[in-house]
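Note that the sequence shown ends on residue 639 in the numbering used here; no numbers are left out.
For every residue, glycine included, the Cβ atom is placed at its ideal position computed from N, Cα and C.
Note that the coordinates shown come from a computational prediction; the quantities given were computed from them, not determined experimentally.
Take a look at the structure set out below.
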Amino acid sequence: MHHLENTEIDKQTQECIQNCLDCYAICTNTVQHCLQMGGRHSEYDHIRTLLDCAEICSLSAGYMLRQSPMHAKTCEMCANQCVRCAESCEKIGADDAQMKACAKMCRTCAESCRQMAGH
521 MHHLENTEID KQTQECIQNC LDCYAICTNT VQHCLQMGGR HSEYDHIRTL
571 LDCAEICSLS AGYMLRQSPM HAKTCEMCAN QCVRCAESCE KIGADDAQMK
621 ACAKMCRTCA ESCRQMAGH
């Protein structure tokens, strides 16, 4: 008979899951903001970067919640995408509060995911 692994999720993993969910939310929200702003904010590459970040954050959170053996790989991908997204937000919205908040959350999530990738 197969025994389930320990279903307790440690504090570091819980924190990373929360960061991924928060990052998913702010990136999704920032897409709306950028489309309303128009101009450079709504350039295809930037919008795609935000959507890619939101999606990998959501995926990564799911992998950790399920304690998938592949979660370190998704966390690594997530960290890389979060850094790309933060850079894109900083480049386009240096004096835009929404963009600054998004970049900050992306960097927090990247750091958290980097730690989980090496976990």
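From the options, residue whose alpha carbon lies closest to that of residue i
i, options, result
"residue 606", "627, 588, 577, 616", "627"
"residue 610", "574, 566, 548", "566"
"residue 629", "545, 528, 618", "545"
"residue 634", "594, 615, 616", "594"
"residue 550", "638, 621, 632", "621"
Rounded C-alpha distance that separates residue i from residue j
i, j, result
"residue 557", "residue 636", "35 Å"
"residue 643", "residue 531", "Outside the modelled stretch of the chain, which goes from 521 to 639, sits residue 643, for which no answer is possible."
"residue 604", "residue 542", "17 Å"
"residue 578", "residue 618", "20 Å"
"residue 559", "residue 528", "47 Å"
"residue 632", "residue 623", "14 Å"
"residue 592", "residue 638", "7 Å"
Residue i burial status per 10 Å Cβ neighbour count (16 or more: buried)
i, result
"residue 590", "exposed"
"residue 601", "buried"
"residue 564", "exposed"
"residue 599", "buried"
"residue 504", "Given a span of 521 to 639 for the chain in the structure shown, any question on residue 504 remains unanswerable."
Residue i in three-state terms, based on DSSP
i, result
"residue 588", "coil"
"residue 542", "helix"
"residue 529", "coil"
"residue 563", "coil"
Cβ separation of residue i and residue j, assumed to be a contact under 8 Å, to the nearest whole Å
i, j, result
"residue 588", "residue 540", "Between residue 540 and residue 588 the Cβ distance is about 13 Å, and since that is not below 8 Å, they are no contact."
"residue 561", "residue 612", "6 Å"
"residue 537", "residue 597", "Not really, about 16 Å apart at Cβ, beyond 8 Å."
"residue 569", "residue 608", "5 Å"
Residue i beta carbon near the ligand SAH (any heavy atom closer than 7 Å)
i, result
"residue 535", "Of ligands this structure carries none, so the ligand SAH is not represented either."
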